[in-house]
Amino acid sequence: MALRIIGTQAACGTSSGASSTFDASSDVRLVNSGTTVRLVTVTNSGGTTTGTFSLAGGEAIIVRKATADKIFAAHAEILGVAVITEG
Numbered sequence: 017m018a019l020r021i022i023g024t025q026a027a028c029g030t031s032s033g034a035s036s037t038f039d040a041s042s043d044v045r046l047v048n049s050g051t052t053v054r055l056v057t058v059t060n061s062g063g064t065t066t067g068t069f070s071l072a073g074g075e076a077i078i079v080r081k082a083t084a085d086k087i088f089a090a091h092a093e094i095l096g097v098a099v100i101t102e103g
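Here the working numbering is used: position 26 in the sequence shown is 42, and no number is missing along the way.
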C-alpha cells in the first residue's frame, strides 16, 4: 500500500479540547515515537468518544475516520499526518 502525504506531521493533542481532524482527512497515519504503549481516542464532531485503542511504542497505523471526527492521544509522542491510501 502506498501513501500520499497531504499534510504536515504533528503531535496529537492530549485532550478532547486539543484534538484534531487532521485537515478533515478520512485517513490519518499515526506513529508512536516513544517506547511506551499510549492510548489513542477518536471522537465525533460533538466530542463523544467513538473508539479507543492502544498504540505500542514504535508502532504505526492508518486510522480511517469520518472527516469531521477528531483524534487525540494520551501523550504527545503520538504523531499524526493526513494521508490518502493508494493501492
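Ideal Cβ positions, reconstructed from N, Cα and C, are used throughout, including at glycine.
Remember, it's a predicted structure, so these values are computed and weren't measured experimentally.
* By DSSP, does S70 sit in helix, in strand, or in coil? -> Reading the sequence shown from its first residue, position 54 is the one you call residue 70. Residue state, collapsed to three classes: strand.
* To do: Let me know the secondary structure DSSP gives S35 once reduced to three states.
  => Taking the sequence shown and counting its residues from 1, one reaches residue 35 at position 19. Here S35 sits in coil by DSSP.
* To do: Measure the C-alpha to C-alpha separation of S31 and I22 and round it to an integer number of angstroms.
  => The sequence position of residue 31 within the sequence shown is 15, counting from 1. The sequence position of residue 22 within the sequence shown is 6, counting from 1. Distance between the alpha carbons of S31 and I22: 24 Å.
* Tell me, to the nearest whole angstrom, how far the beta carbon of D43 is from that of I100; I am working on the premise that it is less than 8 Å. => Walking along the sequence shown from the start, residue 43 turns up at place 27. Walking along the sequence shown from the start, residue 100 turns up at place 84. Indeed they touch by this definition, with Cβ atoms about 6 Å apart.
* Spell out the partners DSSP gives V47 in its beta bridges. => Within the sequence shown, residue 47 is the residue found at index 31, counting from 1. For V47, which the question treats as bridged, DSSP gives the partners A76 and L95.
* To do: Starting from the Cα of L55, find the closest Cα among S70, R45, G62 and T65 and give me that residue.
  => Indexing the sequence shown from 1 puts residue 55 at position 39. When each option's Cα is compared against that of L55, the closest is S70.
* Which value, in whole angstroms, describes the spacing of the CA atoms of Q25 and S49? -> By one-based count along the sequence shown, residue 25 stands at place 9. By one-based count along the sequence shown, residue 49 stands at place 33. When rounded, the distance between both Cα atoms is 12 Å.
* Asked: Would you say V107 and R20 are within 8 Å of each other, going by their C-beta atoms?
  -> Residue 107 falls outside the range modelled here, since the chain spans only 17 to 103, and no answer is possible.
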